[in-house]
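Asker: Quick one: the structure is below, questions incoming.
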Amino acid sequence: MEKQKKPKDIKKIGKAVGAAVLLALMLPGVYLAGIRYVGSKTISAAAFAACALGIIAVAAIALILKNKRTAFLKAVALILVCGLILANLGTLISPYFIAHNTTTILNRYYPDTLKYMAQLQESTKDKTVWVDADNDYFDSDSEKDTATDFSNRTAVRYSCADIQTLDPSPGVLTAGQEEWLKAQKGQYAQYTINYDKDLKEAREETDYIYTGLSADQYSDMVFLFGESGDAYWMPMAIYDTMTEETYEQQ
Amino acid sequence: MNSNKRLIRYGTALLAVLLCFAVFIVIMNIARDVYKQPAIASGEDAESNIVNQFLAVAVMFFMGLLLLLPFKNRLGMTQTMLLAYLVGLLTFDFISILLLSFHIYYALSSIFIVYCVLAAVMYGFFLRKQSRANALDKEDGIKLIFWTVVILAAGYTLSRVPLSILSYDSIQYDLLGKVYASEHYYVEYAYYLMGGQMLVPTLLNTAAGLFGFSFAYALQNMFTLSGTLLFGYLLYAGVRAGGMVKKRSLWTAILGTLLLASGFFYVFLGITLVPNILAGLEILFMMVYLYRYRQTENTADLVLSLIFTIALCYTRVEGPLVAAFLLGYLAHQHLPAKKLGIYTFVTAGAVLVGYVSFFAHVGLDYTGDFLSLDKSALSVGLLLAVGFYVLAKEKWFKDYNRQLSVLYLIAVALFALGISTMDMAKFVNNLKVMYLNIFAEGMWVTAWIGVILLGVLAMFITRKTDTFLEGAIPVYLLLTLAVFAFRTANLHINWSDSGNRLLMHIYPLMMFVLADNLASAFRTKVE
Chain Z
27 MEKQKKPKDI KKIGKAVGAA VLLALMLPGV YLAGIRYVGS KTISAAAFAA
77 CALGIIAVAA IALILKNKRT AFLKAVALIL VCGLILANLG TLISPYFIAH
127 NTTTILNRYY PDTLKYMAQL QESTKDKTVW VDADNDYFDS DSEKDTATDF
177 SNRTAVRYSC ADIQTLDPSP GVLTAGQEEW LKAQKGQYAQ YTINYDKDLK
227 EAREETDYIY TGLSADQYSD MVFLFGESGD AYWMPMAIYD TMTEETYEQQ
Chain V
11 MNSNKRLIRY GTALLAVLLC FAVFIVIMNI ARDVYKQPAI ASGEDAESNI
61 VNQFLAVAVM FFMGLLLLLP FKNRLGMTQT MLLAYLVGLL TFDFISILLL
111 SFHIYYALSS IFIVYCVLAA VMYGFFLRKQ SRANALDKED GIKLIFWTVV
161 ILAAGYTLSR VPLSILSYDS IQYDLLGKVY ASEHYYVEYA YYLMGGQMLV
211 PTLLNTAAGL FGFSFAYALQ NMFTLSGTLL FGYLLYAGVR AGGMVKKRSL
261 WTAILGTLLL ASGFFYVFLG ITLVPNILAG LEILFMMVYL YRYRQTENTA
311 DLVLSLIFTI ALCYTRVEGP LVAAFLLGYL AHQHLPAKKL GIYTFVTAGA
361 VLVGYVSFFA HVGLDYTGDF LSLDKSALSV GLLLAVGFYV LAKEKWFKDY
411 NRQLSVLYLI AVALFALGIS TMDMAKFVNN LKVMYLNIFA EGMWVTAWIG
461 VILLGVLAMF ITRKTDTFLE GAIPVYLLLT LAVFAFRTAN LHINWSDSGN
511 RLLMHIYPLM MFVLADNLAS AFRTKVE
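If you're matching them up, the sequences are chains Z and V in order. Okay, so the first sequence: first residue is 27 according to the working numbering, each after it adds one. Okay, so the second sequence: first residue is 11 according to the working numbering, each after it adds one.
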């Protein structure tokens, strides 16, 4: 009897430990998510506490109940599923969420992109274009040449490499890449190590700024905007709000 | 149910769906004005942009439907209709891959010639054998009309309402896709893009070039929509087969599908023109159709799984590696060894065609960050090794399957953790960034919080004992760690880093597993 009980006990203990580890990993994330999306430490701490208390309460009730334990957990699961669906739908359409995120499905109407890009190609022929491009385009001579050549067929020119601001070791460009970029100076804008600081300066110095995926605080919604502040991928008001917040954090 | 009642039900449902689409278009137009966005596809060719994209959606749908109709008895009419667009799009892609790989003139005309030959062979072969077996009865006819109208209406709605996010990568896929459409072959000046931009997502944009519209937002959104509906159908079929009553099964499928489809990150990546949603749904269907095959031994399920596996290999650069590792796991899951062996070799062969063609064009000394000769050889080698292993295990080590399965998982874990910890600083940094992106920066928001909370609950209330699908998840996550270790650069903060987006690939499967396990708790009999 004792020997038959052991595998079942081990399984139960394993499940309990697994659940505890997963929940322990999740809870700090609730606080971080609150900071990121709500911006208030108080509200984030309250959400964290509410989640933690909720989990403890459910666990305590489940432990107390013996015969009705599974029925109780099934009810909790059902409520959670419905609650999550509502929360998901809320985040999709919430203006608050939209204002604090750089992208949303609602304001993703875009103009005729290629037409705009063609216009841009004409209008930026003799102007400096600061483009957030990935490092991998500058890995080899042939790739550099091809990238430059190919980019001439498109509206934008690759002008600098994005350095990840969160990378612990700055200067991640290889020696070859650094040399190549320095040689381009004059034709292209400078490359950056401190992305946000340089982006602010670049706005004053260059005619057009295009930020792509690698922009941590400036996601793909900020696709292109010109001197007059017109934005093609998101309302300027939202971008400005986000930009001011970002600079305030610096 | 008598046929009149059925007709009324389907008719009412159809009207309701069409009304929803109309209301959706109106709401999105209002939202566009509220958020002061430019007009949809402005300019004189705006309307033709919409019409041409809708035409492309319709063509893909009918291409798939014509190929699947001979199998409607094996698949069921509803599943046939839900698969039609997905299979049609992938057929378009596979034919395109063959034409480009073998340096055959690539254009709409050559695609349709190959398609017609394929369809003629299939119909000739299968209809000769079962001439009357696939005749449509009244119920099939109603479903055919219902789903055709719904899918075409969805295609029109998604063409008119361009829900789309363009990222830097999207532009690269678009540029390369248009190059294929205009140049009709691989060209030298685009080689540097070919190493990173795989064919399936690129060919969506080639279709844009061939059919004459800008950015294939509706083609991708239709893939996401069809994939989501198919997710719901497979969930329904699975819980129903497990013994749940019809009404409860339907509600399970609806709730499970809503939970998946309402997730911000799912929607976000669904409409971003990058390959992640494609890969996520391909992994889901690869696994779920093999799971169904193991239960039903219906060859149609095996073939469907194979189609999605090959598609995965051409969707992401690491696709063949993912396929190899998952097939290595599946080698221990009691699937018929000979069939799994053939499956694996066919996958390896399909991948080899792509690689041989690629290096024949770019040269053997080509090295990109993502694709090089050694990485390609490794992927093909692994697939072949898995194929031989499956056959050898069946012949000589059949009685040690359980032990070998455990050994395999340990080997994968050691490999992933070993490679990762070779650069401890990078590993720790990547873990920190991944954690931040999951909960705070990556816009996952409720997705992963939901997965963890529901996962914990499912652990305690599930009545499922079969862990066929569940076991694939840790294998994939460990492989992801290994992929991060191979990358030159560290992960970025924000969803945009492709390393972080790899997590989206396992999300649909995770949601399916969650829903299936939670549903088992509500069944009347144990699986």
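Where a beta carbon is used, it is the ideal one built from N, C-alpha and C, also for glycine. Owing to the predicted nature of the structure, the values given are computational and were not obtained by experimental measurement.
1) By DSSP, does residue 242(Z) sit in helix, in strand, or in coil?
2) Using the beta-carbon count (16 or more within 10 Å), is residue 508(V) buried or exposed?
3) Could you tell me which chain Z residues have their CB closer than 9 Å to the CB of residue 462(V), listed as they occur along the chain?
4) Which term fits residue 299(V), buried or exposed, when burial requires 16 or more other beta carbons within 10 angstroms of its beta carbon?
5) On the CB-based measure, 16 or more other CB atoms within 10 Å of its CB, does residue 14(V) come out buried or exposed?
6) Name the chain Z residues whose beta carbon is nearer than 7 Å to that of residue 456(V)?
7) Which residues of chain Z have a Cβ atom closer than 8 Å to the Cβ of residue 469(V), listed in chain order?
8) Do you know whose CA, among 484(V), 81(V) and 98(V), lies nearest residue 416(V)'s CA?
9) For the region 70-104 of chain Z, which residues have a beta carbon sitting closer than 9 Å to at least one beta carbon of chain V?
10) Any beta carbon of chain V sitting closer than 7 Å to that of residue 3(Z)?
11) Give the C-beta separation of residue 70(V) and residue 102(V) to the nearest angstrom, bearing in mind that I take them to be a contact with Cβ-Cβ under 8 Å.
12) With distance defined between alpha-carbon atoms, name the residue in 65(V), 116(V), 531(V) and 136(V) nearest to residue 84(V).
13) Tell me whether residue 458(V) is buried or exposed, calling it buried when 16 or more other Cβ atoms sit within 10 Å of its Cβ.
14) Considering only C-alpha positions, which residue in the set 473(V), 526(V) and 115(V) is nearest to residue 197(V)?
15) In chain order, what are the residue ranges of uninterrupted alpha helix (DSSP H) at least 4 long that sit wholly in the region 159-195 of chain V?
16) For a cutoff of 7 Å on Cβ pairs, would you count residue 234(Z) as touching chain V?
17) My guess is that residue 113(V) and residue 290(V) are in contact by the Cβ rule of under 8 Å, so how many angstroms apart are they, rounded?
18) Measuring alpha carbon to alpha carbon, tell me which residue in 301(V), 207(V), 201(V) and 527(V) is nearest residue 370(V).
19) Residues of chain B with CB under 7 Å from residue 36(Z), in chain order?
20) Return the chain-ordered list of same chain residues with a C-beta closer than 6 Å to the C-beta of residue 251(V), the five sequence neighbours on each side being excluded.
21) Are the C-beta atoms of residue 33(Z) and some chain V residue less than 7 Å apart?
22) Can you give, in chain order, each stretch of the alpha helix (DSSP H) that sits fully within the region 56-135 of chain V and has at least 4 residues?
23) Closer than 9 Å by beta-carbon distance: list the chain Z residues that pair up with residue 531(V), in chain order.
24) Of all Cβ atoms in chain Z, is any one closer than 7 Å to the Cβ of residue 528(V)?
25) Which same chain residues, not among the five before or five after residue 418(V), have their C-beta less than 8 Å away from its C-beta?
26) Counting C-beta neighbours from all protein chains within 10 Å, is the total for residue 66(Z) 16 or more, i.e. buried, or is it exposed?
27) Using the three-state DSSP reduction, which class does residue 377(V) fall into: helix, strand or coil?
28) Could you name the residues of the same chain whose beta carbon sits closer than 7 Å to that of residue 531(V), not counting the 5 residues immediately before and after it, in chain order?
29) What ranges does the alpha helix (DSSP H) occupy inside the region 334-419 of chain V, keeping only unbroken runs of at least 4 residues that lie completely in it?
30) Would you check if there are 3 or more beta carbon pairs closer than 8 Å linking the region 27-37 of chain V to the region 56-68 of chain V?
31) I believe residue 284(V) touches residue 323(V) by the beta-carbon criterion, under 8 Å. Please report the beta-carbon distance rounded to the nearest angstrom.
32) Decide if residue 440(V) is buried, meaning its Cβ has at least 16 other Cβ atoms within 10 Å, or exposed.
33) Mind listing the chain Z neighbours of residue 446(V)? Cutoff is C-beta to C-beta under 8 Å, in chain order.
34) Which residues does DSSP list as the beta-bridge partners of residue 267(V)?
35) Closest to residue 12(V) by CA distance: which of 41(V), 297(V) and 148(V) is it?
36) Would you check if the distance between the CB atom of residue 165(V) and the CB atom of residue 208(V) is smaller than 7 Å?
Answerer: Reading it off the structure:
1) Any reading at residue 242(Z) is ruled out, since the residue's pLDDT is 35, under 50, leaving its predicted position unreliable.
2) buried
3) 48, 49, 51, 52 and 55
4) buried
5) exposed
6) 110, 113, 114 and 117
7) 41, 44 and 45
8) 484(V)
9) 77, 81, 84, 88, 95, 96, 99, 100, 102, 103 and 104
10) There is simply no residue 3(Z) to check, as chain Z begins at 27 and stops at 276 in what is shown.
11) 6 Å
12) 136(V)
13) buried
14) 115(V)
15) 178-193
16) With a pLDDT of 47 at residue 234(Z), under the threshold of 50, the modelled position of this residue cannot be trusted, and the question is left open.
17) Between residue 290(V) and residue 113(V) the Cβ distance is about 32 Å, and since that is not below 8 Å, they are no contact.
18) 201(V)
19) Reference to chain B is not applicable here, since the protein chains of this structure are Z and V.
20) none
21) no
22) 56-78, 82-85 and 87-111
23) 96, 99, 100 and 103
24) yes
25) 338, 339, 341 and 342
26) exposed
27) strand
28) 471, 472 and 473
29) 347-372 and 383-406
30) no
31) Contact flag wrong, Cβ pair sits at about 17 Å.
32) buried
33) 58
34) Residue 267(V) pairs with nothing; no bridge assigned.
35) 148(V)
36) no
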